[in-house]
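S.K.:
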Amino acid sequence: MDSETWMPPTPTADDIVLIRRIEQRDESALSELYQQYGGLVYSIAYRVLQNSGLAEEVTQDTFLKVWNQIHTWDAQRGKLTTWLLTITRYAAIDRLRQEQRRHTQSAISIDDLLNLIGSRDDTDWHDGDLIRSLLRQLPVEQLQVIELAYFHGLSHGDMSKKLNLPLGTVKTRVRSGILRLRTLWQQSVEQENS
Amino acid sequence: METKTSQSPLNAECEQLEVLLPAYVLGATDADETRLVETLLRRCPDYAADLRDFAALAEGLVYSAPAMLPPAALHDQIMAAARATSPQAEPTLRALPRPGSTPVSRPSRITPIIAAVSSIAAALLLVGNLFWISQLNAARITEQEVRALIAQRDDALVTLTGGGELQRAQLVSTDDNAPFANVLYASNFRTGIIIGENLPALRAGQTFQLWLIDADSAPISMGVFQPDDDNTAVYVFEAQSPVGDFDVIGVSIEPEGGSPQPTMNPIAAASL
């Protein structure tokens, strides 16, 4: 399987040069990084938090983390985008947990979930289109647990409590959802190659 | 796959891995399940390809976020905030990490553990601490390296060693009491340093987070740190009040960037 179909281009020489410039505290390099990935970082933060103010804060925190912790990026271990988006997702999930401690929040509704997948689909990111189209083909109960695990940072046990479902049911839904997603992905790759 | 050909104990274990792997890449496994998966991944190499597939799939999920336009002013806000955190924008002493911030920046060509041990050891030579002189020797660094590092880190060293009596405590694993790291601090100072060797491996997206704890309040984050490739780490932290005011120092594993409060019990701790 060609996993690269999901991802933006692998780190280019320009990416590495950009990182080196940030290491040297070149503010224009941080600005370029933001111009390149700011929209994506903000979109992911918004996807998790569903709040523009909080997404803005997480976006700022993410880029400041890159600025202050650039030495922790290792080109051998992963792509720049993977690192940046992992920081974003975890920062957003952390922020979501903070907010949830302050406010009681109900489980995400199916309607909200379908809106998240289906609305505002005006992106020209090819890979984003692909994953969204695959997610839309999943049964909603599988989509729901994938959403809760990946974008809300919930474990099997957390989801079982939140959804008031037996633990085994949650585990089955997570596993079935990912396996189904993989099958759909393989089929789409095969179609693209045929 | 092993699991489809026979029913040996190993295959039963690999079957467990097969069941948990999809949830693992999503981050949906509970702590025990996560440990189990990470153990079984070493025993069931046939599942490496599955892991790669699922991990790629999980990475792809992040791109499902519908495109949103950030506020136009955000770029300038970030640049202003970055400028404010630039080392040259602050007095040198303020370059010490604060709770939740990054470890001290690393000089190139010298590993961080040597760098930090060098700094401490060099400073402690000034106060005649024989214990740390032996640490310096153990680190096998050159005099030239020590001098170079002293020049860069004088302020931190003054903060760490400028007064009070240095104390050492050993953080041990809360699972089996195995040594995890040493902490050096002076009771009446707000700064301390953690030195860890043979630290456990972290998953991608995870970090160690250091906490100071007293009986009367919630744990206070002293920031996050990562082990190096050789599973060592040196991390200088700075508290809002003297380290000696706290009862316990602990380390938990948290998502990258750290958590406002620990999301798990400490994996290692020491009394102060």
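Just so you know, the protein sequences line up as chains A and B, in that order.
Plus 12 on top of the position in the first sequence (first one is 1) and you've got the numbering used here.
Plus 23 on top of the position in the second sequence (first one is 1) and you've got the numbering used here.
Cβ coordinates follow ideal geometry from the N, Cα and C atoms, glycine included.
All values derive from a computational prediction rather than experimental measurement.
Please report the straight-line C-alpha distance between G273 (chain B) and S200 (chain A), rounded to a whole angstrom.
M.R.: Rounded to the nearest angstrom, the two C-alpha atoms are 48 Å apart.
S.K.: Any idea if K77 (chain A) is buried or exposed, counting beta-carbon neighbours within 10 angstroms, 16 or more meaning buried?
M.R.: Per the 10 Å Cβ criterion, buried.
S.K.: Taking only beta-carbon positions, decide if G180 (chain A) is within less than 8 Å of chain B.
M.R.: G180 (chain A) does not count as touching chain B.
S.K.: Give me the Cβ distance between Q193 (chain B) and A293 (chain B), rounded to the nearest whole Å; I'm assuming they're in contact under 8 Å.
M.R.: At roughly 6 Å, the Cβ-Cβ gap stays under 8 Å, so Q193 (chain B) and A293 (chain B) are in contact.
S.K.: Just mark V70 (chain A) as buried or exposed, buried being the case when its beta carbon has 16 or more other beta carbons within 10 Å.
M.R.: The residue is buried, with at least 16 neighbouring Cβ atoms inside 10 Å.
S.K.: Less than 8 Å between the beta carbons of G219 (chain B) and A204 (chain B), yes or no?
M.R.: Going by C-beta atoms, G219 (chain B) is nearer than 8 Å to A204 (chain B).
S.K.: Can you give the Cα-Cα distance for E153 (chain A) and I190 (chain A), rounded to whole angstroms?
M.R.: Taking the straight line from one Cα to the other gives about 12 Å.
S.K.: Chain A partners of P250 (chain B), CB-CB under 7 Å?
M.R.: Near P250 (chain B) there are no residues of chain A at all, since even the closest Cβ is about 11 Å away, more than 7 Å.
S.K.: In angstroms with no decimal places, state the Cα-to-Cα distance between T84 (chain A) and I31 (chain A).
M.R.: The straight-line gap from Cα to Cα measures roughly 11 Å.
S.K.: Cutting at 8 Å between CB atoms, please list the residues of its own chain near Q147 (chain A), excluding the five before and the five after it.
M.R.: It is Leu, not Gln, that sits at residue 147 (chain A) in the sequence shown. Excluding sequence neighbours, L147 (chain A) sits near I129, L155, I158, L193.
S.K.: Say whether chain B places a C-beta atom closer than 8 Å to the C-beta of K183 (chain A).
M.R.: So, interface residue.
S.K.: When DSSP builds the beta bridges, which residues end up paired with G65 (chain A)?
M.R.: BP columns for G65 (chain A) are empty, so no partner.
S.K.: DSSP on E261 (chain B), reduced to helix/strand/coil?
M.R.: If DSSP states are grouped into helix, strand and coil, E261 (chain B) belongs with the strands.
S.K.: Whole angstroms is fine: what's the gap from S172 (chain A)'s alpha carbon to P178 (chain A)'s?
M.R.: Their backbone Cα atoms lie some 6 Å apart in a straight line.
S.K.: Measure the Cβ-Cβ separation of I276 (chain B) and T197 (chain B) and say whether it is below 8 Å.
M.R.: No.
S.K.: If we call anything under 8 Å between Cβ atoms a contact, is V186 (chain A) one with L49 (chain B)?
M.R.: Taking 8 Å as the Cβ cut-off, V186 (chain A) and L49 (chain B) qualify as a contacting pair.
S.K.: Is P265 (chain B) close to chain A, meaning its C-beta is less than 8 Å from at least one C-beta of that chain?
M.R.: No, no contact with chain A.
S.K.: Tell me, which residues are paired with G215 (chain B) by DSSP?
M.R.: In the DSSP output, where bridge partners are listed per residue, G215 (chain B) has B:Y208, B:F260.
S.K.: May I ask you to report which of helix, strand or coil DSSP gives P202 (chain B)?
M.R.: It is a strand residue.
S.K.: Using the DSSP secondary-structure output, state which residues sit across from Q3 (chain B) in a beta bridge.
M.R.: Only positions 24 to 295 of chain B appear in this structure, which leaves residue 3 (chain B) out of reach.
S.K.: On the three-state DSSP scale, how would you describe G189 (chain A)?
M.R.: Looking at G189 (chain A) - three-state DSSP - the assignment turns out to be helix.
S.K.: Rounded to whole angstroms, what is the Cα-Cα separation between Y86 (chain B) and Q48 (chain A)?
M.R.: Their Cα atoms are separated by approximately 15 Å.
S.K.: Answer with buried or exposed for Q36 (chain A), where buried requires no fewer than 16 other C-beta atoms within 10 angstroms of its C-beta.
M.R.: Its Cβ having fewer than 16 others within 10 Å, Q36 (chain A) is exposed.
S.K.: Given G151 (chain B), which residues of its chain have a CB within under 7 Å of its CB, disregarding the five upstream and five downstream residues?
M.R.: Here G151 (chain B) scores only 35 on pLDDT, less than 50, and its place in the model should not be relied on; the value that follows carries that caveat. For G151 (chain B), where only same-chain residues beyond five positions count, there are no Cβ hits under 7 Å.
S.K.: Would you report the Cα separation of V259 (chain B) and T108 (chain B), rounded to the nearest angstrom?
M.R.: Taking the straight line from one Cα to the other gives about 18 Å.
S.K.: Any C-beta of chain A sitting closer than 8 Å to the C-beta of E197 (chain B)?
M.R.: Residue identity differs from the one stated: residue 197 (chain B) is Thr in this sequence, not Glu. It does not; no Cβ of chain A falls within 8 Å.
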